[in-house]
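Presented below is the structure to which this report refers.
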Amino acid sequence: MKQTFVYGLLLAVSMLSVPVLAGDIKATMNLQTDALISNFDSKPDVDDLHSIAALSTILSQEPYASMTYLAVAGAYGQQDGVYIESPKLFNLAFGKNWVDAHNERDKALDKAATLAHKVLAGGGDLWLQDAGQADFSADLLRALRARMPELNTKRRVHIVQHSVWNESVTHPDKLTYARNYSDYVKIADGNGAGNGTPNYRVDDGQLWETVLGNPKVGAVWREAKRLADEYNGKTGYDNTSVGNGGFDFSDTVEAVWILGIENVDTVDNFFGRFLAPQ
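Residues -22 to -1, 1 to 256 (mature numbering (1 follows the signal peptide of the UniProt record, and there is no 0)) are what the sequence shown spells out, left to right.
And the structure:
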C-alpha cells in the first residue's frame, strides 16, 4: 500500500539521520514540580500500543510513580490509515490519568490545559512526549498562551519528538506553531541502534513470557500485545517487528530522554530495569 511504502521510506531516512538536539533548554524533567503529557496517535502503526505499555511500566516504579502526568489517546495528525481505539489498555495503563482526544477532543484539550495551567502557575515546566504528531500539542500551546499570555512557552513548555514521519504528517501550520512557541526538541529515532537513543524495536520476542508474567504490568502488556497482534497490517501499516513476534515501543525513547533515564539502551536493559522488584 502507498501509505506503508511512504511510512517505511521515512522510517529508514530517520534511522539514518544524525541526532538533532535543539531547543532553548536541554534539561531533565523535575519530578517534583513538572508535569508530563504523553500524546499517542495509534494511527496507523501498532507501535503506540507497546509504547503505552512501556510508559506504564516506567510509571509503575518509583520515583516515577509519584510524578504528575496525563496520557492522551487519539493525538494524531493528518495521516491516512485506521485509528486503533484502546480504552481498556489506557485504563489498565493509566487509570484515570488519560483523556480521549479521538472521541472528545475539546474535553481532552480542556483537561490537558487545566493540568498544564496549574503546573505552570506553580512554577513547574510542562513536558510533552509526542508519540505521534504535534497537532494536539500545538492546540494545547494555543490554549495555554490564551490562558497565560505572560507565560514564556519557549522556555517553559518542552515538546520532544523522535520521528521524521510523525513530523511529515503533522498539519504544517501546527508543526510550525509548535516549533515557534515551545522548546521543541528533535531527538534521534527509536527504531534503530547506534544513533544516540535506545533501540526499542526488535524482532526478538524471547522476553514476552517474562513481561506477560510480571505481577505489576503483565496485564497491561497482555492487552497491548493482544491489540497489536490483532490490528497489525490491517490499519494501513505492517509493523514487521510486531509481525515477527517482537517488540516495538520506539516512542518510549522520548519519555526516557525527558526523564533523564540512563543505561536502558536496549529492550533487555529496559525490562531489566523496570521489571525488577522494588
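Glycine residues also receive a C-beta, built at the ideal position from the N, C-alpha and C atoms. Here the structure is a predicted model, which means the values were calculated and not measured.
- Boundaries of the beta strand (DSSP E) harbouring I15: A13 to F18, taken from the DSSP string.
- Between the beta-carbon of T46 and that of A13 there is about 4 Å, and that keeps the pair under the 8 Å contact cut.
- Straight through space, the alpha carbons of D151 and F72 are spaced by roughly 31 Å.
- When C-alpha distances from E63 are compared across A206, Y159 and L253, the shortest belongs to A206.
- Taken in chain order, the complete alpha helix (DSSP H) segments of 4 residues or longer contained in the stretch 127 to 205 are 131 to 134, 142 to 146, 150 to 159 and 186 to 190.
- According to the DSSP assignment, T46 belongs to the beta strand (DSSP E) that extends over T46 to A51.
- The alpha-carbon separation between G52 and N17 amounts to approximately 8 Å.
- Of the candidates D84, S20 and K96, the residue whose Cα lies closest to the Cα of P65 is S20.
- Approximately 6 Å separates the beta-carbon atoms of Y54 and Q111; this is inside 8 Å, confirming the contact.
- Secondary structure note for V97: its alpha helix (DSSP H) is the uninterrupted segment R83 to A99.
- Under the DSSP assignment, L9 falls outside any beta strand (DSSP E); it carries neither an H nor an E label.
- V231 is positioned such that its CB atom lies no closer than 8 Å to that of P193.
- Considering only M7, F68, K74 and D58, the residue with the shortest C-alpha distance to Y42 is M7.
- Scanning R204, S141 and N247 for the CA closest to the CA of K164 turns up S141.
- Secondary structure at D78: strand, using DSSP grouped into helix, strand and coil.
- In the DSSP annotation of this structure, the continuous segment of the alpha helix (DSSP H) that includes A71 starts and ends at P65 to F72.
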